[in-house]
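S.K.: Numbering follows numbering that gives the first Met the number 0, with no gaps: position 139 of the sequence shown is 138.
Structure provided below as structure tokens; questions to follow.
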Amino acid sequence: MTVIAYRDGIMAADGGTWSDSILCATDTRKIVRLDGRLVACCGQRPDIEAFVIWLRSGAPSRDKPLLNAAKDGDFGAIVADADGVWLADHSLRLYRAAGDYHVEGAHDGFLRGALAAGATAEQAVRLAVRHCAYAAGNVQVESL
């Protein structure tokens with residue numbers, strides 16, 4: 000599972016990689032820098048790789064990759080650049096996000112609560128790692 004938070008030009012994500020309920024790694028880098036953008040995804044690794052490759056190619060609408068993610072919640076992404084923040088769902092619909100902060104992945108309610116209470120993106124993810132199942136490991140923090 001994955002927890003991702005974004006606020007004020009800072010993106011943070013946990014480093015845990017899971018296979019079912021087994022923690023396999025704690026130092027996975029989940030935030031990618033791509034042509035002046037920060038990109039972070041949650042979901043299955045093949046879907047994440049396909050999404051990043053698609054973004055690198057310019058994200059043409061006619062060439063969307065077919066993801067294994069069958070339903071909402073199986074894949075999600077935050078893409079941030081100087082012009083704003085976009086979210087992507089399992090069908091790769093990119094849409095402009097509204098609001099001062101954004102979350103993706105497991106424990107979205109917990110993360111939103113922490114951010115609403117004034118936590119930074121990094122603090123919200125650290126709190127999730129400390130208090131939530133399926134959030135684990137090092138916290139990666141990247142600045143736009």
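In this text, a Cβ means the ideal position worked out from N, Cα and C, and glycines have one as well.
Keep in mind the model is a prediction, meaning the values are calculated, not measured.
Between the segment 94–105 and the segment 33–47, can you find at least three pairs of beta-carbon atoms closer than 8 Å?
M.R.: In short, these stretches touch, since the Cβ pair count reaches three.
S.K.: State yes or no: is the C-beta of Val124 within less than 7 Å of the C-beta of Ala49?
M.R.: Counting from one through the sequence shown, the residue named residue 124 turns up at place 125. Counting from one through the sequence shown, the residue named residue 49 turns up at place 50. No, the pair does not count as a contact, with Cβ atoms beyond the cut-off.
S.K.: Where do the ends of the beta strand (DSSP E) carrying Arg36 lie?
M.R.: Your numbering for residue 36 matches position 37 in the sequence shown. That run of the beta strand (DSSP E) goes 36–41.
S.K.: CB-CB under 7 Å to Asp73, same chain, minus the five flanking residues each way: which ones, in chain order?
M.R.: For the purposes of this step, residue 73 is taken as residue 74 along the sequence shown, with counting starting at 1. The answer, listed in chain order, is Gly42, His89.
S.K.: Which residues share a DSSP beta bridge with Ala76?
M.R.: Taking the sequence shown and counting its residues from 1, one reaches residue 76 at position 77. The partner list for Ala76 (beta bridge, DSSP) reads Cys40, Ala87.
S.K.: Go to His130, then tell me how far its alpha helix (DSSP H) extends in each direction, as first and last residue.
M.R.: The count along the sequence shown starts at 1 and reaches residue 130 at position 131. Counting along the chain, the alpha helix (DSSP H) containing His130 begins and ends at 120–130.
S.K.: Taking the alpha-carbon of Val2 as reference, which of Arg61, Gln122, Pro64 has the nearest alpha-carbon?
M.R.: Looking up residue 2 in the sequence shown gives position 3. Of the candidates Arg61, Gln122, Pro64, the one whose C-alpha sits nearest the C-alpha of Val2 is Gln122.
S.K.: Consult DSSP for Asp13 and reduce its assignment to one of helix, strand or coil.
M.R.: Translated into positions along the sequence shown, residue 13 becomes position 14. Asp13 falls in the strand class under three-state DSSP.
S.K.: Out of Ser142, Asn137, Tyr100, which one is the CA nearest neighbour of Leu22?
M.R.: Position 23 of the sequence shown holds residue 22. Considering only alpha carbons, the answer is Asn137.
S.K.: Skipping 5 residues on each side, what residues in its chain have a beta carbon closer than 8 Å to that of Leu33?
M.R.: Counted from its first residue, the sequence shown places residue 33 at position 34. Correct list, in chain order: Val51, Leu54, Arg55.
S.K.: Compute the Euclidean distance between the alpha carbons of Asp7 and Tyr100, then round it to the nearest angstrom.
M.R.: Counting from one through the sequence shown, the residue named residue 7 turns up at place 8. Counting from one through the sequence shown, the residue named residue 100 turns up at place 101. Near 7 Å, if we compare the C-alpha coordinates of Tyr100 and Asp7.
S.K.: Determine the contact status of Asp26 and Gly14, defining contact as a CB-CB distance below 7 Å.
M.R.: As a position in the sequence shown, residue 26 is number 27, starting the count at 1. As a position in the sequence shown, residue 14 is number 15, starting the count at 1. Yes, these two residues count as a Cβ contact at 7 Å.
S.K.: Taking the alpha helix (DSSP H) that Arg111 falls in, what are its first and last residues?
M.R.: Counted from its first residue, the sequence shown places residue 111 at position 112. It spans 107–115 - the alpha helix (DSSP H) in which Arg111 sits, taken as one unbroken run.
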